[in-house]
Structure formats: C-alpha cells, structure tokens
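Contents: one structure, followed by commentary.
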Amino acid sequence: QVQLVESGGGLVQPGGSLSVSCAASTRIFSILTMGWFRQAPGKQRELVAHITGSGVTNYADSVKGRFTISRDNAKNMVYLQMNSLKPEDTAVYYCNKRSAKESDPWGQGTQVTVSS
1 QVQLVESGGG LVQPGGSLSV SCAASTRIFS ILTMGWFRQA PGKQRELVAH
51 ITGSGVTNYA DSVKGRFTIS RDNAKNMVYL QMNSLKPEDT AVYYCNKRSA
101 KESDPWGQGT QVTVSS
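Per my numbering, the very first residue in the sequence shown carries number 1; after that it's consecutive.
Okay, structure coming up:
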C-alpha cells in the first residue's frame with residue numbers, strides 16, 4: 001500500500017508557474033508508473049500526466065506542452081512543473097499510481113488556484 005503526501009500548491013496568476021511535489025512511501029516505488037491527477041470543484045478526478053519507472057512520460061491534451069512530470073527514484077519523489085497556468089487548471093492536485101482507483105488510498109492533495 002502506497003502512502004502519499006503532496007505539497008507545493010498555492011495561488012498563482014494566469015500565465016504563471018508552480019511546482020508541486022509528492023512523497024511516496026513504498027519499497028517498490030521505482031517500478032511503479034506514477035501519475036498526477038486533479039479534481040476541480042464539481043468535477044471528477046482526472047489524470048493529467050504519468051511517468052513510468054524508467055522515465056517515459058505521457059500527458060493529457062489539456063496540459064501538453066505546459067506541464068512536465070518528473071521523478072527521483074532515489075528519493076521516492078514525483079514532481080509536476082506547471083507553466084503557463086490557466087484558470088481552468090484550478091483544482092486539488094493528487095499523485096498516485098497510474099492504475100489507482102477511487103477506492104484506493106489517496107493523499108490529502110494540494111490546492112492549486114489560478115486567479116488574478
């Protein structure tokens with residue numbers, strides 16, 4: 001079972017940048033495909049990016065070219081660098097295994113608000 005702690009969210013103006021981090025406690029972190037998800041008010045949680053254990057990445061169309069996911073297997077950390085932020089990026093951001101279901105344990109998430 002993976003325990004997850006997200007951090008780094010905040011308030012940023014449109015067009016700005018923000019980075020969020022996730023610490024994962026599992027001995028098999030390096031072989032897990034990890035994802036960043038987000039949930040906006042009144043909407044379902046959605047996957048925005050994922051990264052394999054070897055570093056292959058994939059992005060949702062809505063964030064492609066603006067967000068960058070990365071990981072440090074030695075530190076059990078996953079990161080999401082977000083540039084050119086838009087108001088529609090406002091959400092609570094979560095990390096988890098790419099295959100995580102809603103019934104799986106999730107961290108508390110970190111709030112990202114894009115507003116002028």
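All residues carry an ideal CB built from backbone N, CA and C; glycine is no exception.
Return yes when the Cβ of residue j is within less than 8 Å of the Cβ of residue i, no when it is not.
i	j	result
Gly-9	Gln-111	yes
Glu-6	Tyr-79	no
Ala-40	Ala-91	yes
Asn-96	Asp-89	no
Ser-19	Asn-76	no
Ser-21	Met-82	no
According to DSSP, what are the bridge partners of residue i?
i	result
Glu-6	Cys-22
Val-56	Paired residues: none, contrary to the question.
Gln-111	Val-92
Gly-35	His-50 and Asn-96
Arg-71	Val-78
Val-12	Val-114
Can you look up residue i in the DSSP assignment and give me helix, strand or coil?
i	result
Glu-46	strand
Ser-30	helix
Pro-41	coil
Pro-87	helix
Between residue i and chain C, is there a C-beta pair that is closer than 8 Å?
i	result
Ile-31	Chain labels in this structure do not include chain C; a single protein chain is all it has.
Decide if residue i is buried, meaning its Cβ has at least 16 other Cβ atoms within 10 Å, or exposed.
i	result
Val-63	buried
Ile-51	buried
Val-56	exposed
Ile-69	buried
Gln-27	Contrary to the premise, residue 27 reads as Arg rather than Gln in this sequence. Arg-27 comes out exposed.
Leu-85	buried
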